[in-house]
Amino acid sequence: MIGRRTPVEPEPEPVLPGKGRPTPKRKQAEARNRRPLVPEDRKEARRRAREQRNESWARQQEAMRTGDERYLPLRDKGPVRRYARDHVDARWSVAEFFLPLALVMIVVMMFAGAYPQLAGGLVLAMYGVLVLAIADSLFMVWRLKKKLAARFGEEKVPRWTGFYAFSRNFYFRRMRQPRPQVGRGEYPA
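In this note's numbering, the protein residues as written are 121 to 309.
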């Protein structure tokens, strides 16, 4: 074995730690990250922002008419809120007629100034209707909370859902936003 050579394996090149390129100078990194605070064409940027805002508003208004969950405001989104809306919209209530009735009573009271007994009776009647509307709405909220807890579980029902239903109940049906998606008597399943 004296004249025989053994093949020598080449040594692997040492792996140097790092990213394989030089670190950029601070000036170069700052220049690359620099963006203007104000766009070059401010009128164009304002026009684009206005278009986006108008488009978003139009989508939201369309969702308020159709009940499309994707574009509703956060206040109205979710299955719990939809159930509460449908429950309120399916029933007749004294509260929804309170505002128109109060407006009529105020107009009548303006002309009934010559008859103090009539004006006093109208004030008492208006307070009576208000108390009736509040009692009816509180009873509705109590029943709704029970139904929501049974259907979705108490932990899934947002805290202010009762107030949401209570305030919706006081609007005249045609003025409610989002628009009612169910008819009278069509309670949610």
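Quick reminder that beta carbons are idealized off the backbone N, C-alpha and C, glycines included.
- Taking 8 Å as the cut-off, the Cβ atoms of R288 and W212 do not count as close.
- Put simply, the backbone Cα of K265 is about 7 Å away from that of G282.
- At a Cβ-Cβ threshold of 8 Å, P298 and L194 do not count as neighbours.
- Look at E164 here: in three-state DSSP terms it is helix.
- Ranking Y307, L244 and P236 by CA distance to the CA of K267 puts Y307 first.
- E150 and R141 have their C-alpha atoms spaced approximately 18 Å apart.
- For the alpha helix (DSSP H) assignment, the uninterrupted runs of no fewer than 4 residues enclosed by the stretch 191-245 are, from N- to C-terminal side, 199-209 and 218-231.
- Per the C-alpha coordinates, the member of V158, P144 and P159 positioned closest to R152 is P144.
- In the three-state reduction of the DSSP assignment, T186 falls in the helix class, which pools H, G and I.
- From the listed residues V208, I226 and R146, the smallest Cα separation to R263 is found for V208.
- Here the stretch 216-226 makes contact with the stretch 238-254; the two share three or more CB pairs at distances below 8 Å.
- Straight-line spacing of the CA atoms in R170 and A178 works out to 12 Å.
- In the displayed model, V261 falls within a helix according to three-state DSSP.
- Between Y203 and R296, the C-beta gap is not smaller than 8 Å, which leaves the two residues out of contact.
- Counting along the chain, E131 sits inside no alpha helix (DSSP H), nor does DSSP assign it H or E at all.
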